[in-house]
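Residue numbers (the UniProt record's numbering): 1 to 340.
See below:
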């Protein structure tokens with residue numbers, strides 16, 4: 001049973017384009033918005049949490065990326081080869097490639113401290129299972145814990161670690177796949193194929209994600225045993241989403257028709273619309289996360305600044321053509337409207 005919000009709709013934490021305004025709008029409309037903490041500094045995370053609380057008194061969540069163990073000795077040679085392939089694109093964009101940082105922590109401990117000081121109703125985790133101490137401390141301040149999983153084995157591990165809720169991400173989801181191991185190839189199964197096996201091992205509510213774009217999808221998910229749905233792509237064109245012009249241009253371009261799962265932008269598999277960056281670099285991409293993400297950041301930033309859709313990550317789920325413009329509240333209402 002879903003008890004965290006009046007409506008069984010969760011706004012996916014979309015790092016880079018999610019805003020406090022979007023989080024607050026989803027919660028104010030009766031869903032559960034989630035602050036995307038990935039790639040933010042602890043100070044920015046604290047500011048975003050405070051801003052959401054200024055905008056709504058409804059419950060909301062926050063998301064953290066778990067630290068990724070990195071084998072520098074193994075990854076350095078791979079990263080150098082990828083940097084060589086990326087160098088001509090960076091030069092053409094007028095940017096230099098940075099030296100990578102090999103800690104892979106994404107400022108996790110500091111951001112966890114922020115969430116313990118300003119506890120949201122839910123803390124969701126991406127890219128693995130949270131450490132036992134984090135689970136214990138978050139539970140102690142009243143936050144419930146959701147872990148993103150992509151199959152029954154990951155679901156079993158998340159429940160064993162103390163997850164109160166699971167987010168089952170199917171292959172139709174846009175952006176990063178939530179696989180727990182960086183080098184693991186993600187499965188191609190949607191939540192419809194995976195839900196029964198996850199429910200069999202998970203005595204906790206399961207939220208499904210991936211390709212949920214309308215009320216028929218929501219009704220099917222709930223009828224199949226899901227407690228709620230999580231949507232990201234459905235909110236990308238809303239008024240409250242901070243989608244850069246270059247991203248919007250690629251997302252809405254009728255001539256861009258192919259979706260791929262690629263490691264080209266970050267080193268982790270992620271679903272995106274195929275553009276020139278993907279076409280040139282996907283065959284050479286290496287599973288070295290988050291260092292590939294650091295390496296490509298200046299190129300992506302230059303592309304965004306220039307309005308060049310060919311150099312930015314065009315994250316999109318399989319239903320991206322159904323995304324609608326307007327207030328996020330309208331999208332929430334449409335998702336729970338009784339299907340015809």
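C-beta atoms are modelled at their ideal positions from N, C-alpha and C, and glycine is treated no differently.
{"Check": "Note down the Cα distance separating residue 28 from residue 161, rounded to an integer number of angstroms.", "Outcome": "31 Å"}
{"Check": "What runs of the beta strand (DSSP E), each 3 residues or longer, lie entirely inside the stretch 181–258?", "Outcome": "206–209 and 228–231"}
{"Check": "Out of 181, 210, 202 and 201, point me to the one whose CA is closest to residue 189's CA.", "Outcome": "210"}
{"Check": "Return the bridge partner residues of residue 167 from the DSSP annotation.", "Outcome": "148 and 207"}
{"Check": "Got a sec? Which residues, its chain only, sit under 8 Å from residue 98 by beta carbon, not counting five neighbours each side?", "Outcome": "294, 295, 297 and 298"}
{"Check": "Report the partner residues of residue 36 according to the DSSP bridge assignment.", "Outcome": "63"}
{"Check": "Looking at residue 103: is its Cβ nearer than 8 Å to the Cβ of residue 38?", "Outcome": "no"}
{"Check": "Which of the three DSSP states, helix, strand or coil, is assigned to residue 23?", "Outcome": "helix"}
{"Check": "Using the rule of at least 16 other Cβ atoms within 10 Å of the residue's Cβ for burial, across every protein chain shown, is residue 146 buried or exposed?", "Outcome": "buried"}
{"Check": "Please name the residue, chosen from 226, 25, 167 and 275, that lies closest to residue 258 on a Cα-to-Cα basis.", "Outcome": "275"}
{"Check": "Whose C-alpha, out of 212, 302 and 195, is nearest the C-alpha of residue 323?", "Outcome": "212"}
{"Check": "Taking the alpha-carbon of residue 202 as reference, which of 291, 91 and 163 has the nearest alpha-carbon?", "Outcome": "163"}
{"Check": "Would you be able to state if there are at least three C-beta pairs under 8 Å between the stretch 225–236 and the stretch 307–327?", "Outcome": "yes"}
{"Check": "Can you give me the Cβ contacts of residue 261 inside the same chain, cut-off strictly under 6 Å, excluding the 5 residues immediately before and after it?", "Outcome": "269 and 271"}
{"Check": "On the three-pair Cβ rule with 8 Å, is the stretch 79–89 touching the stretch 9–19?", "Outcome": "no"}
{"Check": "So does the stretch 119–130 actually touch the stretch 64–75, counting three or more Cβ pairs closer than 8 Å?", "Outcome": "yes"}
{"Check": "Does the Cβ of residue 243 have 16 or more other Cβ atoms within 10 Å, making it buried, or fewer, making it exposed?", "Outcome": "buried"}
{"Check": "Is the separation between the beta-carbon of residue 226 and that of residue 208 shorter than 8 Å?", "Outcome": "yes"}
{"Check": "For the alpha helix (DSSP H) that residue 11 lies in, which residues bound it at each end?", "Outcome": "Not the alpha helix (DSSP H): residue 11 falls in the beta strand (DSSP E), residues 9–11."}
{"Check": "Using the Cα positions of residue 328 and residue 289, report the straight-line distance between them to the nearest angstrom.", "Outcome": "32 Å"}
{"Check": "Do you know whose CA, among 46, 309, 184 and 303, lies nearest residue 286's CA?", "Outcome": "184"}
{"Check": "With DSSP as the reference, identify every bridge partner of residue 123, one or two as the case may be.", "Outcome": "62 and 145"}
{"Check": "Taking buried to mean at least 16 other C-beta atoms within 10 Å of its own C-beta, is residue 155 buried or exposed?", "Outcome": "buried"}
{"Check": "So for residue 177, helix, strand or coil by DSSP?", "Outcome": "coil"}
{"Check": "Can you list, in chain order, the residues of its chain with a C-beta nearer than 7 Å to that of residue 135? Leave out the 5 residues immediately preceding and following it.", "Outcome": "145, 161 and 162"}
{"Check": "So what's residue 326 in DSSP terms, helix, strand or just coil?", "Outcome": "strand"}
{"Check": "What does DSSP give as the partner residues of residue 272 in its beta bridges?", "Outcome": "260 and 315"}
{"Check": "Please confirm whether residue 332 and residue 26 have their CB atoms less than 8 Å apart.", "Outcome": "yes"}
{"Check": "In this structure, does DSSP put residue 31 in helix, strand or coil?", "Outcome": "coil"}
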